[in-house]
Structure formats: structure tokens, C-alpha cells
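Reading through the C-alpha cells given below for one structure.
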Amino acid sequence: MEGSAAAWALPHIALVGDKKAVIKTPNDFQREFRRAFDDPDATAAAERKITKLVQTTTAAAYTADFRTLQLEIDWNMS
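Residue 4 in full-length UniProt numbering is what sits at position 4 of the sequence shown, and the numbering runs on without skipping anything.
If you want it as C-alpha cells, here you go:
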């Protein structure tokens with residue numbers, strides 16, 4: 001492990017089993033990982049990506065990319 005992942009994880013690993021540990025469960029890990037690495041404005045990022053999305057391969061691949069971004073934007077399908 002190296003880079004920002006190591007900088008984030010190593011202090012947590014050092015505290016495994018310690019009462020001071022922030023991460024004690026898989027849910028704790030997921031919460032803290034997202035806090036550290038998720039885009040703070042994922043919706044805006046997905047909106048930017050979807051407006052620039054163009055079909056360069058198959059229709060299926062384009063549709064998959066579009067639907068993935070659509071879920072991040074949380075568009076109402078009705």
C-alpha cells in the first residue's frame with residue numbers, strides 16, 4: 001500500500017484492537033473510507049460527466065455508462 005491510501009489506512013491499522021480505534025466494524029470502515037475518498041459533490045461530478053458522455057464503442061457500453069451516471073444523479077425516471 002502506498003500514497004494517499006497508505007496515509008489514510010496505516011494509522012487506522014495501527015489502532016486495530018485499541019479502544020481508541022475509529023474503525024471497529026465493516027460499516028465503520030465503509031463510512032470512514034467514503035469520508036476520506038468520496039467526491040464531496042458526486043452529483044455535480046456525475047452531471048458534468050453525463051453532459052460530456054459520447055458513444056465511442058457499443059450502444060450497450062454507452063447505455064451502461066449513461067445508466068451508471070444516471071443513478072449517481074438520482075434522476076426521477078417517471
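Cβ atoms here follow ideal geometry from the backbone N, Cα and C, with glycine treated the same way. Keep in mind the model is a prediction, meaning the values are calculated, not measured.
For residue 56, the three-state secondary structure derived from DSSP is coil. Between residue 45 and residue 38, the C-beta gap is not smaller than 8 Å, which leaves the two residues out of contact. For residue 39, there is no enclosing alpha helix (DSSP H), since its DSSP letter is neither H nor E.
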